[in-house]
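Notes follow the structure.
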Amino acid sequence: MAEAAILRNAVEATERIARGGRNLLAGIFVAIALAFAVFAGMTGDTFFFRLATEALIFAGLALSVDLLLGYTGLLSLGQALFFGFGAYVSGLVLKNVAPSFWAAIGITLAATLLVGTIAGIISIRARGVYFALITFGLAQVAFKVVFNTREIGGSDGIIGIPQIRAEFGLFSVDTQSPAGFFLLTLAFMMLLYAGCAYLVQTPAGRLLVAIRTNESRVPFLGYSPWRAKLFAFVAAAVVAALSGSLYPMLRGLVSPELLAFQISGNAVIMVVIGGVGTLAGAFYGSAILTMLKSVIGTFTEYHLIVIGALFMLSVIFFPKGLAGYALPRLERWVARRRGRA
Amino acid sequence: MSAALLEVEGLAISFGALRAVSDLSFTAARGGITSVIGPNGAGKSTLFNLVSGALRPQQGRVRFAGADVTGWSTHKLLRAGLSRSFQITNLFFDLSVFENLRLASQVLEPMGRALLPVARSTAARDRAEELLGQFGLAEKATELAGHLSHGEQRRLEIAVSLACRPKMLLLDEPTQGMSHGDTQSTAAMIKGLAGDLTILLIEHDIDVVMNLSDHVVVMHQGAKLAEGTPAEVRGNAEVQKAYFGENPGGETPGGEAH
Numbered sequence: 349m350a351e352a353a354i355l356r357n358a359v360e361a362t363e364r365i366a367r368g369g370r371n372l373l374a375g376i377f378v379a380i381a382l383a384f385a386v387f388a389g390m391t392g393d394t395f396f397f398r399l400a401t402e403a404l405i406f407a408g409l410a411l412s413v414d415l416l417l418g419y420t421g422l423l424s425l426g427q428a429l430f431f432g433f434g435a436y437v438s439g440l441v442l443k444n445v446a447p448s449f450w451a452a453i454g455i456t457l458a459a460t461l462l463v464g465t466i467a468g469i470i471s472i473r474a475r476g477v478y479f480a481l482i483t484f485g486l487a488q489v490a491f492k493v494v495f496n497t498r499e500i501g502g503s504d505g506i507i508g509i510p511q512i513r514a515e516f517g518l519f520s521v522d523t524q525s526p527a528g529f530f531l532l533t534l535a536f537m538m539l540l541y542a543g544c545a546y547l548v549q550t551p552a553g554r555l556l557v558a559i560r561t562n563e564s565r566v567p568f569l570g571y572s573p574w575r576a577k578l579f580a581f582v583a584a585a586v587v588a589a590l591s592g593s594l595y596p597m598l599r600g601l602v603s604p605e606l607l608a609f610q611i612s613g614n615a616v617i618m619v620v621i622g623g624v625g626t627l628a629g630a631f632y633g634s635a636i637l638t639m640l641k642s643v644i645g646t647f648t649e650y651h652l653i654v655i656g657a658l659f660m661l662s663v664i665f666f667p668k669g670l671a672g673y674a675l676p677r678l679e680r681w682v683a684r685r686r687g688r689a
Numbered sequence: 002m003s004a005a006l007l008e009v010e011g012l013a014i015s016f017g018a019l020r021a022v023s024d025l026s027f028t029a030a031r032g033g034i035t036s037v038i039g040p041n042g043a044g045k046s047t048l049f050n051l052v053s054g055a056l057r058p059q060q061g062r063v064r065f066a067g068a069d070v071t072g073w074s075t076h077k078l079l080r081a082g083l084s085r086s087f088q089i090t091n092l093f094f095d096l097s098v099f100e101n102l103r104l105a106s107q108v109l110e111p112m113g114r115a116l117l118p119v120a121r122s123t124a125a126r127d128r129a130e131e132l133l134g135q136f137g138l139a140e141k142a143t144e145l146a147g148h149l150s151h152g153e154q155r156r157l158e159i160a161v162s163l164a165c166r167p168k169m170l171l172l173d174e175p176t177q178g179m180s181h182g183d184t185q186s187t188a189a190m191i192k193g194l195a196g197d198l199t200i201l202l203i204e205h206d207i208d209v210v211m212n213l214s215d216h217v218v219v220m221h222q223g224a225k226l227a228e229g230t231p232a233e234v235r236g237n238a239e240v241q242k243a244y245f246g247e248n249p250g251g252e253t254p255g256g257e258a259h
């Protein structure tokens with residue numbers, strides 16, 4: 349019996365340390381974001397607040413890519429489809445239905461469950477590179493449809509989406525306030541992160557990892573990989589769309605480019621830079637990519653070339669991404685601290 | 002309740018012009034060890050794929066535990082109590098030994114726990130711990146399955162397929178690539194599993210087959226050549242010719258090469 353207790357302790361300690369490392373990584377990101385908010389708030393800056401808020405919103409999209417790629421092993425090259433979908437639904441609700449934060453979020457969520465399920469059933473029929481191509485194709489079709497549909501603004505998109513006050517009972521946040529909306533977005537994205545981090549620690553989430561590792565064995569565990577993948581696909585679609593639903597609140601407009609391949613591709617780059625299969629890496633990846641674009645963009649209009657070169661270098665020298673590099677170190681630190689306690 | 006847990010009747014499948022399995026019928030008695038033997042390419046693995054739902058038969062029926070399960074999907078069959086192991090080790094190599102077993106035991110949990118923290122899945126955890134002990138893998142619990150030795154991986158392969166507490170286990174060459182000593186201990190372990198568990202075994206090591214089996218089905222070119230007790234099969238002239246070669250007495254070197 350003593351042996352069994354030692355065994356259980358060893359297994360649980362390993363899992364606690366892994367969880368501790370991940371929480372720490374997310375915590376450090378929040379600390380950096382809050383430090384940035386204090387600094388930017390003191391200098392009265394608006395531009396960088398807005399840029400950082402946008403980085404957070406795109407981090408949510410990257411988070412959804414990581415849920416598929418890093419956990420389920422599905423590379424989506426069309427995740428912008430759901431991001432753009434969420435942005436359009438939210439924008440249309442805010443402009444035409446009710447200028448309410450909760451209405452925009454709620455209707456986006458409901459609509460995405462439906463659209464995500466349909467798109468999922470189409471996409472997960474294929475594996476590997478064919479899955480990537482189908483998601484790419486679906487997003488391109490959606491992009492063209494939105495681009496050519498005059499009722500939702502066609503190539504101009506929707507402009508003049510009203511600024512709103514997001515009501516939270518005790519307090520409310522004006523989306524026009526750079527600091528207020530930054531903090532709201534940070535909290536919102538951390539909720540999405542917490543939801544994903546929770547999900548991957550449930551039996552259902554662990555099953556997704558089993559699919560990534562060896563899909564062929566999963567039916568012999570008593571589960572349909574098809575159902576599990578559809579579940580992951582819809583969950584990722586919801587995360588992407590909810591992230592997108594904040595976009596019109598930030599910019600007051602949506603455009604077809606939100607569904608374009610560049611958005612999908614950037615999200616994959618963010619995940620790779622940040623660290624595939626780490627969830628928190630998506631936030632670091634998005635912050636780094638946004639920062640690089642902004643900083644290098646002030647020096648040269650060929651900033652994409654520089655970023656492309658940096659991306660290649662990071663893949664060569666940090667194949668596991670920033671979080672993949674940092675996590676083992678953080679875990680060792682957590683283990684040492686636990687050892688002393 | 003009939004004495005047979007598994008009944009295969011007129012099973013057939015072709016891949017193009019190749020008749021991989023043709024008009025195959027046999028039964029596996031509850032609690033016993035039924036072995037399927039035959040030279041490479043006889044259709045043994047295809048038979049396993051048909052019975053375990055990985056392939057759908059073009060003709061014939063499969064009955065399991067009294068129900069017609071022909072064409073059932075693999076995951077549904079597993080939940081009905083039919084599990085299998087693989088000839089080529091088929092594990093979650095990037096995951097720990099414990100996690101392999103926990104995943105395989107997850108099916109014992111009520112559905113309501115699927116979206117609760119994994120720590121709440123105590124039935125799966127307890128089953129995984131039990132198997133770690135039973136298969137001598139406790140010390141390797143936190144290691145990646147991919148880092149185990151070949152013999153350990155073969156043990157884990159069987160442990161994973163047993164995790165769901167199946168009624169019936171299809172074992173596809175469990176001693177594949179094992180040393181003589183490991184083969185002996187694995188054979189003893191399989192013998193110990195029978196009784197509560199019904200076993201259908203594919204095995205190349207003819208000594209293991211003869212020692213373990215209650216019933217032997219001999220396949221040749223997709224069809225059944227003979228069946229009976231080990232002694233009956235050994236004495237069968239046709240089997241001698243097709244399987245044991247022109248070597249009376251049935252002495253073949255154990256652990257046939259692949």
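These protein sequence lines are chains R and F, in that order. For the first sequence, my numbering begins at 349 and goes up steadily by one. For the second sequence, my numbering begins at 2 and goes up steadily by one. Glycine is no exception: its CB is placed at the ideal position from the N, C-alpha and C atoms.
Hey, quick one: how far does the beta strand (DSSP E) through residue i stretch, first residue to last?
i: Val-445/R; result: From DSSP, Val-445/R is part of no beta strand (DSSP E); its letter is neither H nor E.
i: Phe-65/F; result: 60 to 65
i: Ser-642/R; result: Careful: Ser-642/R lies outside any beta strand (DSSP E), inside the alpha helix (DSSP H) at 629 to 647.
i: Glu-605/R; result: Here Glu-605/R belongs to no beta strand (DSSP E), and DSSP marks it neither H nor E.
i: Arg-23/F; result: In the sequence on display, residue 23/F carries Ser and not Arg. Taken as a continuous stretch (DSSP letters only), the beta strand (DSSP E) holding Ser-23/F covers 19 to 30.
Against residue i, what residues of chain R qualify as contacts under a CB-to-CB distance less than 7 Å, listed in chain order?
i: His-76/F; result: Pro-567, Gly-570, Tyr-571, Ser-572
i: Ala-139/F; result: Glu-351, Leu-355
i: Pro-118/F; result: Gln-549, Thr-550
i: Glu-110/F; result: Pro-551
i: Leu-133/F; result: Leu-355
List the whole-angstrom C-beta distance separating residue i from residue j, where the pair is believed to meet the contact cut-off of C-beta under 8 Å.
i: Leu-213/F; j: Ser-36/F; result: 7 Å
i: Glu-158/F; j: Thr-90/F; result: 5 Å
i: Ile-203/F; j: Phe-49/F; result: 7 Å
i: Ala-400/R; j: Phe-384/R; result: 6 Å
i: His-76/F; j: Ser-662/R; result: So it is not a contact: roughly 40 Å between Cβ atoms.
i: Leu-198/F; j: Ala-160/F; result: Going by Cβ atoms, the distance from Leu-198/F to Ala-160/F rounds to 13 Å, so no, they are not a contact pair.
DSSP has residue i in a bridge; who is on the other side?
i: Asp-173/F; result: Ile-203/F
i: His-216/F; result: Thr-35/F
i: Asp-522/R; result: Arg-513/R
i: Ala-68/F; result: Phe-65/F
i: Arg-85/F; result: Leu-171/F
Grab the span of the alpha helix (DSSP H) containing residue i for me, first residue to last.
i: Gln-222/F; result: Note, Gln-222/F: premise wrong, no alpha helix (DSSP H); not H, not E.
i: Asp-183/F; result: 181 to 194
i: Ser-162/F; result: 151 to 163
i: Ala-435/R; result: 428 to 440
i: Glu-131/F; result: 123 to 135
i: Phe-16/F; result: Careful: Phe-16/F lies outside any alpha helix (DSSP H), inside the beta strand (DSSP E) at 5 to 16.
i: Leu-486/R; result: 476 to 496
i: Asp-414/R; result: 395 to 414
i: Arg-235/F; result: 231 to 236
Given a threshold of 16 other Cβ atoms within 10 Å of its Cβ, counted over all protein chains shown, does residue i qualify as buried or as exposed?
i: Arg-126/F; result: buried
i: His-259/F; result: In this prediction, His-259/F has a pLDDT of 42, which is less than 50 and means its spatial position is unreliable; what the coordinates show is noted afterwards. His-259/F is exposed by the Cβ-count criterion.
i: Ala-21/F; result: buried
i: Pro-254/F; result: Low local confidence applies: a pLDDT of 45 at Pro-254/F is under 50, so the model's placement there is unreliable, and no value is given.
i: Ile-506/R; result: buried
i: Arg-473/R; result: exposed
i: Thr-420/R; result: buried
i: Gln-610/R; result: exposed
i: Glu-252/F; result: With a pLDDT of 45 at Glu-252/F, under the threshold of 50, the modelled position of that residue is not reliable, and no figure is offered here.
i: Glu-100/F; result: buried
i: Ser-603/R; result: buried
i: Pro-676/R; result: exposed
i: Gly-454/R; result: exposed
i: Phe-430/R; result: buried
i: His-221/F; result: buried
Just the chain R side, please: which residues come within less than 9 Å of residue i by C-beta, in chain order?
i: Arg-156/F; result: Residues of chain R passing the Cβ test: none, with the nearest at roughly 16 Å.
i: Glu-130/F; result: Ala-352, Leu-355, Arg-356, Val-359
Name, please, each residue of chain F whose Cβ falls closer than 8 Å to the Cβ of residue i.
i: Ala-558/R; result: Phe-93, Leu-96, Leu-104
i: Ser-564/R; result: Asn-91
i: Arg-554/R; result: Glu-100, Arg-103, Leu-104, Gln-107, Val-119
i: Thr-561/R; result: Phe-93, Phe-94, Asp-95, Leu-96
List the residues of chain F whose Cβ lies closer than 9 Å to the Cβ of residue i, in chain order.
i: Gln-511/R; result: Correct list: empty, because the minimum Cβ distance to chain F is about 37 Å.
List the residues of chain F that residue i touches, going by C-beta distances under 7 Å, in chain order.
i: Val-359/R; result: Phe-99, Ala-142, Thr-143
i: Thr-362/R; result: Thr-143
For a contact defined as C-beta to C-beta under 8 Å, what are the partners of residue i on chain R?
i: Leu-170/F; result: Chain R residues near Leu-170/F: none, gap ~11 Å exceeds 8 Å.
i: Arg-85/F; result: Phe-568
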